[in-house]
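A.B. asks: The following block contains the structure, expressed as structure tokens.
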Amino acid sequence: MATAEKDNTINLNRQLKLAYWLLMIALYAGAFLYGPDYGSMPLGEWIASCIVVGLFSSIPLFCFVAVAHKPQPGSVSWLSFLILAYLMFGIVLMFKPGDLIAGLAITGTTLNAFVQIIVWLRPFKKAAKAKKAREEAIAQRQAQAAKEQQL
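So for the sequence shown, numbering that gives the first Met the number 0 puts the first residue at 0; every next one is plus one.
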């Protein structure tokens, strides 16, 4: 039983890591789509400017590279909040004229990453609820025992 649970955790870690890197790739691909116009400058400058736009839009995600590779519940929760900001960014891009494809790519990968995070965090939430219920039951039994001793 423990082996199956460990394999499931490893699989969830892989899916979380894959979702993170797909989002990063979508941000850079989106920078080429929503960045400067292709014909507005020479090719080398256009590529460099798109990479810089992608870099600036992905700086907050770079803070979470370690989280994607060695996830911990608290830091993954913070990553989920950041992912929601990228979701809003993708939705805004979708409604900007000419940036529909970039917005769809960023929104799709963001939703995928958010779902992977929620799936990854679910067992920890269940364990925390069970622990709280056990602690409340113990406290209730102790209060009952103290009340019986007083009688």
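Even for Gly, the Cβ is constructed at its ideal location relative to N, Cα and C. What you are looking at is a predicted structure, and each value in this text was computed from that prediction instead of being measured.
Quick one: measure Cβ to Cβ for P146 and A67, integer angstroms, because I've assumed they're closer than 8 angstroms.
C.D. replies: Sequence index remark: in the sequence shown, residue 146 carries index 147 (1-based). Sequence index remark: in the sequence shown, residue 67 carries index 68 (1-based). Here residue 146 turns out to be Lys, not Pro, going by the sequence shown. Actually they are not in contact, since the Cβ atoms of K146 and A67 sit about 51 angstroms apart, beyond 8 angstroms.
A.B. asks: Give a yes or no on whether the C-beta atoms belonging to I105 and F88 are separated by under 8 angstroms.
C.D. replies: As a first step, residue 105 is located in the sequence shown; it is residue number 106 there, counting from the start. As a first step, residue 88 is located in the sequence shown; it is residue number 89 there, counting from the start. Going by C-beta atoms, I105 is nearer than 8 angstroms to F88.
A.B. asks: In whole angstroms, what separates the C-alpha of L26 from that of S56?
C.D. replies: Stepping through the sequence shown from its first residue, residue 26 is reached at position 27. Stepping through the sequence shown from its first residue, residue 56 is reached at position 57. Cα to Cα, L26 sits roughly 7 angstroms from S56.
A.B. asks: Three or more beta-carbon pairs under 8 angstroms between the stretch 114-131 and the stretch 71-83, yes or no?
C.D. replies: Flag = yes, the stretch 114-131 and the stretch 71-83 touch.
A.B. asks: If you draw a straight line from the alpha carbon of S39 to that of S48, how long is it in whole angstroms?
C.D. replies: Along the sequence shown, one-based indexing puts residue 39 at 40. Along the sequence shown, one-based indexing puts residue 48 at 49. Answer to the nearest angstrom: the Cα atoms are 11 angstroms apart.
A.B. asks: Look up M0 in the DSSP assignment and say whether it is helix, strand or coil.
C.D. replies: In the sequence shown, counting from the first residue as 1, residue 0 sits at position 1. Per-residue confidence for M0 stands at a pLDDT of 46, beneath the threshold of 50, marking its modelled position as unreliable; no derived number is given.
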